[in-house]
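> Okay, so the sequence shown: first residue is 328 according to this note's numbering, each after it adds one.
All C-beta atoms, glycine included, are put in the ideal place defined by N, C-alpha and C.
Sharing a structure, written as structure tokens. Questions coming.
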Amino acid sequence: MLTDFPVTGKKATRDGFGDGLLAVGQQHPNVVALCADLIGSLKMNAFIKAFPERFIQTGIAEANMMGIAAGLATAGKIPYTGTFANFSTGRVYDQIRQSIAYSDKNVKICASHAGLTLGEDGATHQILEDIGLMKMLPGMTVINPCDYNQTKAATIAIAEHHGPVYLRFGRPSWPIVIPDTMPFVIGKGIMMQEGTDVTIIATGHLVAYAMEAVEKLKEQGISAELINIHTIKPLDEEIVLDSVAKTRCVVTAEEHQRNGGLGDSIAQLLARKNPTPQEYVAVNDSFGESGTPDQLLLKYGLGPTNIVDAARDVLKRKR
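Right, dumping it as structure tokens:
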């Protein structure tokens, strides 16, 4: 693995949210938490034990939860809502658009079990459109951290940001690659590895796979630059443009539909400011299915080898 970002263990990003929520609750007396009957899955137990008077169990009523959160924000609270990503976005899009985004409410929409890595629960729960849904809303900040440490830090950091935030994280244990001392800065990507031949831009769980791909490419004599984009909106345009000015080709990697995700944000930026050959590693216009996270990521073309192949393909198109 990359020298400056060694793997230090495995832990679920949802655990990072739970530990971050407790920490931010200790720091901010105005932080309140709401959950739609998924306390254990969202790892919210520690916060509830510490601050029972600052927790609302809404039951399986996600739309109502978003409305309550908007009202609490109006009263000066900092509400963190918790449920699965599918229920945090698709099921409640009208409430988010009207009561939170349009009204610029200071609500933190915290969404677990995103993407294919939800696993055995299958296609109905494996939302792959949520980044697109959320980033199109004016004023919405969209964050997709890559591991336990980054999710914990993001959970704490968003309390200081005024405005609606969509924080996306996952179910399975996943490699920890970000040091617990690294600050989380909204809107600033992280240079994981410098390179000269191709830029790889990854988000969420695929950062770890992209790290493996960088090593495989190195063995083939290809120098890959790796950027971790944890904040999809607002996008760190500077780090992207500086990198592609050097490498002149780019691969984007994400656990999301090809349409509407990180790759499209990068493509829009490059179309406006520096047209560049690009390959996508993403789900290609398909729903998921039941299976283990590793099985699904490989079947749907999101593995380390897929990133390597995309890099080799884009290098052939390089001007």
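Using the Cβ count rule (16 or more neighbours within 10 Å means buried), how would you classify I436?
buried
> With 16 other CB atoms within 10 Å as the buried threshold, where does D474 fall?
buried
> Rounded to a whole number of angstroms, what is the C-alpha to C-alpha distance between G347 and Q354?
11 Å
> From A572 to V358, what does the alpha carbon distance come to, in whole angstroms?
42 Å
> What first and last residue would you give for the beta strand (DSSP E) that runs through P406?
405-411
> In whole angstroms, what separates the C-alpha of M509 from that of R495?
Cα-Cα distance, rounded: 19 Å.
> Assuming M538 contacts F332 (C-beta within less than 8 Å), just tell me the rounded distance between them.
7 Å
> What three-state label does DSSP hand L519 in the structure shown?
Before going on, a small fix: residue 519 reads as Met here, not Leu. Three-state DSSP puts M519 in a strand.
> Quick check: A580 and I634, are their CB atoms within less than 9 Å of each other?
Judged by beta-carbon spacing, I634 lies within the 9 Å limit of A580, meaning their Cβ atoms are closer than that value.
> For T330 and Y536, I'd like the C-alpha separation in whole angstroms.
15 Å
> Using three-state DSSP, classify P561 as helix, strand or coil.
coil
> Among A377, S430, E456, which one has its Cα closest to the Cα of H583?
E456
> How is F378 classed by DSSP in three states: helix, strand or coil?
Looking at F378 - three-state DSSP - the assignment turns out to be coil, as it is neither helix nor strand.
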